[in-house]
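Quick notes on the structure that follows.
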Amino acid sequence: MPKARFIDIEEMKRIFIYNPETGNLIWKERHSSMFKDEHAAKSFNNRKAGKVVGSIRKNKNGKRYLAVKVGRDTHLVHRICWVIHKNEQPNMVDHINGDGTDNRISNLRSVTVTENNRNMRKFKTNTTGYAGVGKYEDNKWQSHIWINNTQINLGLFDTKSEAVAARKAAEKVCGYHKNHGSDRNL
Numbered sequence: 055m056p057k058a059r060f061i062d063i064e065e066m067k068r069i070f071i072y073n074p075e076t077g078n079l080i081w082k083e084r085h086s087s088m089f090k091d092e093h094a095a096k097s098f099n100n101r102k103a104g105k106v107v108g109s110i111r112k113n114k115n116g117k118r119y120l121a122v123k124v125g126r127d128t129h130l131v132h133r134i135c136w137v138i139h140k141n142e143q144p145n146m147v148d149h150i151n152g153d154g155t156d157n158r159i160s161n162l163r164s165v166t167v168t169e170n171n172r173n174m175r176k177f178k179t180n181t182t183g184y185a186g187v188g189k190y191e192d193n194k195w196q197s198h199i200w201i202n203n204t205q206i207n208l209g210l211f212d213t214k215s216e217a218v219a220a221r222k223a224a225e226k227v228c229g230y231h232k233n234h235g236s237d238r239n240l
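Position one of the sequence shown corresponds to residue 55 (the working numbering), numbered consecutively onward.
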């Protein structure tokens, strides 16, 4: 995935139109002064002006996002949508529903790394069906939660449902998003 970087808001507004209702980012027709010659401008405008931008990219966990190349830099489309609509640089942009291709403004929020980590879907390797809950020795169940880069053990429990309840209670207290650990196969 492209590394998040500073985005020139005014440049993005010159070359894109953002529709916050649909989440689509669209190429604007560009003036010939933005190209090396008239032919290059005409070629670009015939191919791209008025068309939705973005190609699917996957991060290391397989999550899909839209990305677009602007000049020599590749940008994540949701970050461009954010800066055009909000007129500010975000920390990170979180897709609330977990769909990295859904760039409607109602689905985007600026978050810290910690907040973003508290709205993750369930890992593919999860075998219990719940984040932070696992089978332990002697038919016990263990639950844990991460706080400030530290794993906190929530205890050992006789039943899976008790371990899940402890984890859910801790998520609420610690400010985890309601979608955290859900099955979002996007």
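Idealized CB from N, CA, C, for every residue including glycine. None of these values were measured; they are calculated from a predicted model.
**Start-end ranges of the beta strand (DSSP E) lying completely within the stretch 188 to 239, minimum 3 residues** = Qualifying beta strand (DSSP E) stretches, in chain order: 195 to 201 and 204 to 211.
**Asked** residue 203: buried (16+ other C-beta within 10 angstroms of its C-beta) or exposed?
**Response** Within the sequence shown, residue 203 is the residue found at index 149, counting from 1. Classification of residue 203: exposed, given that the 10 Å Cβ count is below 16.
**Prompt:** To the nearest angstrom, how far is it from the Cα of residue 162 to the Cα of residue 63?
**Reply:** Against the sequence shown, residue 162 aligns to sequence position 108. Against the sequence shown, residue 63 aligns to sequence position 9. For residue 162 and residue 63, the distance between alpha carbons rounds to 17 Å.
**Asked** Measuring CB to CB, does residue 154 end up less than 7 Å from residue 118?
**Response** The sequence position of residue 154 within the sequence shown is 100, counting from 1. The sequence position of residue 118 within the sequence shown is 64, counting from 1. Yes, the pair counts as a contact, with Cβ atoms nearer than the cut-off.
**Asked** Are at least three pairs of beta-carbons, each pair with one atom in the stretch 97 to 109 and one in the stretch 70 to 86, less than 8 Å apart?
**Response** By the Cβ rule, the stretch 97 to 109 counts as touching the stretch 70 to 86, because three or more pairs are nearer than 8 Å.
**Prompt:** Is the CB-CB distance between residue 88 and residue 134 below 7 Å?
**Reply:** To locate residue 88, count along the sequence shown from 1; it is residue 34. To locate residue 134, count along the sequence shown from 1; it is residue 80. Taking the C-beta atoms as reference points, residue 134 is found no nearer than 7 Å to residue 88.
**Item:** Beta-bridge pairing of residue 127 - partner residues as DSSP gives them
**Value:** Your numbering for residue 127 matches position 73 in the sequence shown. When beta bridges are read from the DSSP output, residue 127 appears opposite 124.
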